[in-house]
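Protein chains in written order, with my numbering: chain A, 1 to 111; chain B, 1 to 140.
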């Protein structure tokens, strides 16, 4: 499953990284504490968070996440978009809560 | 691969916008010299947490990376308030972070714990009012 599939199935808004939607998704992780995400997430994960500031990009780069999904319609800061574009990390937005979007992603990954 | 390298980066306190720059750079360098993925990720996480600690608490600091044939050494020194009780600081969940730091998702009291977890050998020393020194060794 790639990021483009999630975008289509879940109606996500793509804020940057349109050319990297072919990244493979192997799992997911939800969290807003950066240290917790660093410790617990895996490469290929979709990261679900409400943090929209630019520091989330480095976390995703280091952990080689497939993409970042911002919840409850959170809009990424301009710096966040800039940095994510540079690093090739797709930044997606959903209107759903972290709980709801994580549940739906889980359902798609484990049908 | 037996390639090695040595380099040094400086990190300034309070510059949250810069957080992650050194660790992302180090991770790319380690990839270039053929360090295995798992080792690279551990080195990157340990560096990231150390970087964030300098930015959150210290005035300034230096991250030194030294890669030899069989191990990676990450040596981090900062000038700053230091840590009064290291044992307590190492506990998962213990934090002295202010609200601003916490709002950004930092300061969860997991940093030093994560660093130790990513290391094969971890040494920490600190002097109150002077600064903190971390020595992180990861086998290749």
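Cβ coordinates follow ideal geometry from the N, Cα and C atoms, glycine included.
None of these values were measured; they are calculated from a predicted model.
The shortest C-alpha to C-alpha distance from residue 35/A to any of 9/B, 30/B, 53/B is the one to 53/B. Here DSSP, grouped into helix, strand and coil, assigns residue 135/B to strand.
If you compare the alpha carbons of 64/B, 4/B, 78/B, 119/B with that of residue 22/B, the shortest gap goes to 64/B. DSSP places residue 64/B outside any alpha helix (DSSP H); the residue lies instead in the beta strand (DSSP E), whose first and last residues are 60 to 67. Shown here, residue 121/B sits in a strand according to DSSP, grouped into three states. Counting along the chain, no beta strand (DSSP E) covers residue 17/B, and no H or E run does either. Against chain B, the CB of residue 65/A has no partner CB under 7 Å away; the residue lies outside that interface.
Residue 24/B has a beta carbon lying within less than 7 Å of a beta carbon in chain A. The beta carbon of residue 31/A lies closer than 6 Å to those of 37 in the same chain, with the five residues before and after it left out. Distance check between residue 104/B and each of 70/A, 67/A, 56/A places 56/A closest, using alpha-carbon atoms only.
Nearest Cα to residue 131/B within the set 87/B, 70/B, 59/B: 59/B. Among the residues of chain B, those whose CB is under 8 Å from the CB of residue 51/A are 104, 105, following chain order. Interface flag for residue 35/A against chain B is set, since a Cβ pair is found closer than 7 Å. For the segment 38 to 50 of chain B, residues whose beta-carbon sits nearer than 8 Å to a beta-carbon of chain A comprise 41, 44, 45, 48, 49.
Segment contact: the segment 12 to 30 of chain B against the segment 55 to 71 of chain A, three or more CB-CB distances shorter than 8 Å; contact assigned.
With at least 16 other beta carbons inside 10 angstroms of its own, residue 114/B counts as buried. With fewer than 16 other CB atoms across the displayed protein chains lying within 10 angstroms of its CB, residue 110/A is exposed. The continuous stretches of alpha helix (DSSP H) do not include residue 25/A, and DSSP gives it neither H nor E. When beta bridges are read from the DSSP output, residue 109/A appears opposite no residue. At a Cβ-Cβ threshold of 7 Å, residue 95/B and residue 109/B count as neighbours. Looking from the CA of residue 93/B, the closest CA among 46/B, 30/B, 107/B belongs to 107/B. When C-alpha distances from residue 139/B are compared across 75/B, 71/B, 127/B, 112/B, the shortest belongs to 71/B.
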